[in-house]
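Visitor: This is the structure, below, for whatever I ask next.
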Amino acid sequence: MRLTTRRDDHTTETTPAFALTNPAKDDPALIARDAEQFAAIRQTMARRIGALERRLARELSGGDRNGDAARDGSAQSAMDRDTEVRRLGSELRLLRRFGIDLCLGRMVPAGDGTSDDLSASGAGVSVGTGDSTGGPAPEPIYIGRIGLTDDDGRRLLVDWRAPASEPFFGATHASPQGLASRRRYRWTRGRVSDYWDEVFDLDGLENEHGTDGLGHAEPSAALDDQSAFIASLGSSRSERMRDVLSTIQADQDAIIRAGAHGPLVVDGGPGTGKTVVALHRAAYLLYSEPRISGGGGGVLFVGPHQAYLDYVHDVLPGLGEDSVRVCTLRDLVPEGATAVDERDMRVARLKASTRMVEVIEAAVRHYEQPPTTRLTIETPWADVELDDTGWAEAFGAVEPGTPHNEARAQVWETLLEVLIDQVDDEEAPPHLVRRYLQQEDDLTSSFAKAWPLLDPAGVVGDLWSVPAYLRLCAPWLTNDEVRALRREDARAFTVADLPLLDAARQRIGDPDAVRLARRREAALAAEREERARIAEDLIAADDSEMLAMSMLRGDDFKNALDADGGVADAVLTSADSLAGPFAHVIVDEAQELTDAQWQMLLRRIPSRSITIVGDRAQARHGFTESWAERLARVGLGGRGELAMASLGINYRTPSEVMAAAEPVIRSVLPDANVPTSVRESGLPVVRGPVPALNRIVDTWAAEHAEGVVCVIGAPSFEPRGRIRSLSPEHVKGLEFDLVVLVNPERFGDGIEGAVDRYVAMTRATQQLVLLEG
């Protein structure tokens, strides 16, 4: 069976849909139905791409969503247009990225009438009931990265996130969920290079005299069950995380589809698919939760380090989601890009506490104390006074939660009102008094000192460089601790400073944005005054019978004068894209977070809707308490709302490697969640001398055309080609075909050393080599 349309640069009109090397699977009786489905998918995709391109062109040209009229030019219209352009562009990118390989697999309902529920909840397909008397066999339901319907309304693909797709991922032999069988495809350059069938209801598939709904009399499945899937787990890795959507397992899928109304902890050992769950959960929640996708703030995904982000870079775009904000903790504050590791562990521990983060509040409050001095200001109309009562009234006018720099406007406005009220309206109009006071040097300079514009980095830097300031804000610190925290270069920030810098930015606000807004407001005020003057001149010069120019005094014209300011102000006040708040946050490798770092995340999710992914056994600095205890301490799950899920099956690491790695972590954490491997590689763990390093990796690379090697623990080793070199602390979340550990016993003592060895060992998907000497 052949395709009838073009597949980018991979396939042509005459390219077969299947490129199978197993003759038994390349039987037309087994794949004819799929090939016809793929042809229909290709034709529908071509029409859909064309329609999307035309619609996108209309949006970019300024037409409305129906292409019939021009947009009205308002700020809301511009925002709607940009949103629609992003949506259309995202869908186009997904369709152009894939071809018929949008299809992940198919599921066949059992033919005893028990699977009617598969057509519900958006499946949009008709399910036959077939029986042993030769009636029509149940029609397969094809699962895709997106939903796809042809011009006649026939559902070609059901979106993998739709409720009707759940049995494809969740069915097991113990709980078939109404399925007779499930077929998964392996795609290579847009063609099926392999597939495997899992059978749940053998009797339901034995329709020797039945047909398949397309008129084909065919066997129902290639009965290799799980063997092909297990074999696929050991396939070669690359620089990027491979696509695994079609092979998501039931335990993983249950967590991906779990509710998002509170904190959820996903605890799992190496190779259990924690990262897979985290990434696919982000895409699922955006699809299934209107409060998350419908203007509710979206999803923030936080990974452990940049190498991890590079590794998973393609996963979310491959799921059709490009709206998820993906970052590391360093990215949450500008200073993170240049921050270095804290060398003094005592200082690191001090800064890691929630109590130290709370010092920021006291540090800012120091600059928000109303003066007690009296200020007399001479105006052309009367002398006005600002005493301690007036200062206190102005400082007390700040709305709770307003950042310090933004609150300046509220304090200033109240100060002006206090002073303006002292001048009788009959002596001078209030707007003239206001204008005079706004330019009065004594008042403006006194206000600048009383409520200064602060720089978040400057406030944090002052804590470390001015001991008296630190003692004032943190009186609980000992003299030795104050001395330990002191540094000469106030802005030589470390990673341990990032939570305090983040807290300072939230409490203080962005000083540059405030300055820019203030300058622009002054410019707009001058422009409005000039426009008003021109309008008055036009009115005065109007000698027409209708006095048409008098309409310039109306409200519509006044509103028009201010209209352009609305859009600009919205841009000026838009928050940093990582500042939040977000509707949901997903954090991977969460076992490494300090209490202070948790505060960085929690201030971005007021709803406390968060997915926490990690493994206590992989915590470099120890994790002896339970997840519930740790999270309750930082402000999560304190009222019994914490949900827990555990992953215990290792799909990545072969049993030979896990047998060597398990004793390493058990020695320091006896209750570690060590997962059970589901496969063997047939390759033993190799031990040897360090001088053999280059020979081992070069030989492996020469013998394997694909795959990635990682040398861990040899900083002087130069990476090349498919051979990488990383430190133990920078391999979390990654995986490699061959892992070579150099002097692993020198990684460190105690928990940190054992964890580093355990994590490094379990990155291997095929073989592990340990070199000593």
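In the UniProt record's numbering, the protein residues as written are 1 to 773.
All residues carry an ideal CB built from backbone N, CA and C; glycine is no exception.
Predicted, not measured: the structure shown is a model, and the values here were computed from it.
Look up Pro689 in the DSSP assignment and say whether it is helix, strand or coil.
Guide: Note: Pro689 maps to strand in three-state DSSP.
Visitor: Have a look at the DSSP bridge pairing and note the partners of Tyr142.
Guide: Tyr142 is bridged to Arg106.
Visitor: Return the first residue and the last residue of the alpha helix (DSSP H) that His280 is part of.
Guide: Segment 274 to 288, the alpha helix (DSSP H) holding His280.
Visitor: Where Ala754 and Ala164 are concerned, what is the direct C-alpha to C-alpha distance, given to the nearest angstrom?
Guide: Distance between the alpha carbons of Ala754 and Ala164: 45 Å.
Visitor: Ignore the nearest five residues each way along the sequence and tell me which others in Val697's own chain have a CB closer than 7 Å to its CB.
Guide: Cβ neighbours of Val697 beyond the five flanking positions: Val709, Val711, Ile723, Val740.
Visitor: Return yes when the Cβ of Ala484 is within less than 8 Å of the Cβ of Ser465, no when it is not.
Guide: Result no, Cβ atoms of Ser465 and Ala484 do not sit closer than 8 Å.
Visitor: For the alpha helix (DSSP H) holding residue 783, just list the boundary residues, first then last.
Guide: Coverage of the chain is limited to positions 1 through 773, which leaves residue 783 absent and any answer about it impossible.
Visitor: Verify whether the separation of the beta carbon atoms of Gln618 and Val759 is less than 8 Å.
Guide: Cβ atoms of Gln618 and Val759: closer than 8 Å.
Visitor: Look up Ala177 in the DSSP assignment and say whether it is helix, strand or coil.
Guide: In the sequence as presented, Ala is not what sits at residue 177; that position holds Gln. Residue state, collapsed to three classes: coil.
Visitor: Hey, Val634 and Asp595: beta-carbon distance below 8 Å or not?
Guide: Result yes, Cβ atoms of Val634 and Asp595 sit closer than 8 Å.
Visitor: Distance, Cα to Cα, Arg65 vs Gly89?
Guide: Confidence at Arg65 is low in this model, with a pLDDT of 46, below 50, so its placement is unreliable and no value can be given for it.
Visitor: Using CA atoms only, rank isn't needed, just tell me which of Leu443, Arg687, Ala382 is closest to Gln422.
Guide: Ranking Leu443, Arg687, Ala382 by Cα distance to Gln422 puts Ala382 first.
Visitor: Between Leu601 and Val613, how many whole angstroms is the CB-CB distance? I'm expecting something under 8 Å.
Guide: Not quite, the Cβ-Cβ distance comes to about 13 Å (not below 8 Å), so this is no contact.
Visitor: Please list the segments of the alpha helix (DSSP H) lying wholly inside the segment 647 to 681, counting only runs of 4 or more residues, in order along the chain.
Guide: Correct list: 655 to 666.
Visitor: Please report the distance separating the alpha-carbon of Leu60 from that of Glu289.
Guide: If you take the alpha carbons of Leu60 and Glu289, they lie about 29 Å apart.
Visitor: Output yes or no for whether 8 Å exceeds the beta carbon distance between Gly748 and Pro263.
Guide: Going by C-beta atoms, Gly748 is not nearer than 8 Å to Pro263.
Visitor: Could you name the residues that DSSP lists as bridge partners for Phe736?
Guide: Ala764.
Visitor: If we ignore side chains and look at the alpha-carbon of each, how far apart do Trp451 and Arg408 end up?
Guide: C-alpha separation (whole angstroms): 7 Å.
Visitor: Please classify Val312: does DSSP put it in a helix, a strand, or coil?
Guide: Three-state DSSP puts Val312 in coil, outside helix and strand.
Visitor: Given this structure, state the Cα-to-Cα distance separating Glu361 from Tyr436, to the nearest angstrom.
Guide: Spanning the two alpha carbons is a distance of roughly 35 Å.
Visitor: Am I right that Leu501 and Ala457 are in contact with their C-beta atoms under 8 Å? What's the rounded C-beta distance?
Guide: Sure, about 6 Å apart at Cβ, within 8 Å.
Visitor: For Val690, count neighbouring Cβ atoms within 10 angstroms of its own Cβ and tell me buried if that reaches 16, exposed if not.
Guide: Answer is exposed; the Cβ neighbour count stays below 16.
Visitor: Can you give me the C-alpha to C-alpha distance between Pro371 and Ile508, rounded to a whole angstrom?
Guide: Going by the C-alpha atoms only, they are around 20 Å apart.
Visitor: Taking all protein chains shown into account, decide if Met345 is buried (16 or more other Cβ within 10 angstroms of its Cβ) or exposed.
Guide: Classification of Met345: exposed, given that the 10 Å Cβ count is below 16.
Visitor: So Val108 and Leu157 are supposed to be a Cβ contact under 8 Å. How far apart are they, rounded?
Guide: Val108 to Leu157, Cβ: 15 Å. No contact.
Visitor: With DSSP collapsed to three states, give me the class of Gly320.
Guide: Correct three-state label for Gly320: coil.
Visitor: For Ser246, report the span of its alpha helix (DSSP H) as first-last.
Guide: Looking at the DSSP string, Ser246 is not in any alpha helix (DSSP H), and its letter there is neither H nor E.
Visitor: At the level of alpha carbons, what is the spacing between Phe395 and Glu368?
Guide: Computed Cα separation, rounded: 7 Å.
Visitor: Select from Arg679, Leu726, Ser646 the residue whose C-alpha is nearest the C-alpha of Lys274.
Guide: Out of Arg679, Leu726, Ser646, Ser646 has the C-alpha closest to the C-alpha of Lys274.
Visitor: Drop a sphere of 10 angstroms on the beta-carbon of residue 817, count the other beta-carbons inside from all chains shown, and report buried for 16 or more, exposed for fewer.
Guide: The structure shown does not extend to residue 817, since the chain is modelled only from 1 to 773, so the question has no answer here.
Visitor: DSSP three-state call for Ser353: helix, strand or coil?
Guide: Three-state DSSP puts Ser353 in coil, outside helix and strand.
Visitor: If you compare alpha carbons, which of Arg189, Asp27, Arg257 is closest to Phe169?
Guide: Nearest C-alpha to Phe169: Arg257.
Visitor: So what's Phe493 in DSSP terms, helix, strand or just coil?
Guide: Reduced to three states, the DSSP call for Phe493 is coil.
Visitor: Could you check how far apart the C-beta atoms of Val266 and Ile255 are, in whole angstroms? I think they sit under 8 Å.
Guide: Indeed they touch by this definition, with Cβ atoms about 6 Å apart.
Visitor: For a minimum of 4 consecutive residues, which ranges assigned as the alpha helix (DSSP H) are wholly contained in the segment 334 to 411?
Guide: The qualifying runs are 345 to 351, 354 to 357, 359 to 365, 388 to 395.
Visitor: For Ser497, which of Val433, Arg343, Pro606 has the nearest alpha-carbon?
Guide: In the sequence as displayed, the identity of residue 497 is Asp instead of Ser. Out of Val433, Arg343, Pro606, Arg343 has the C-alpha closest to the C-alpha of Asp497.
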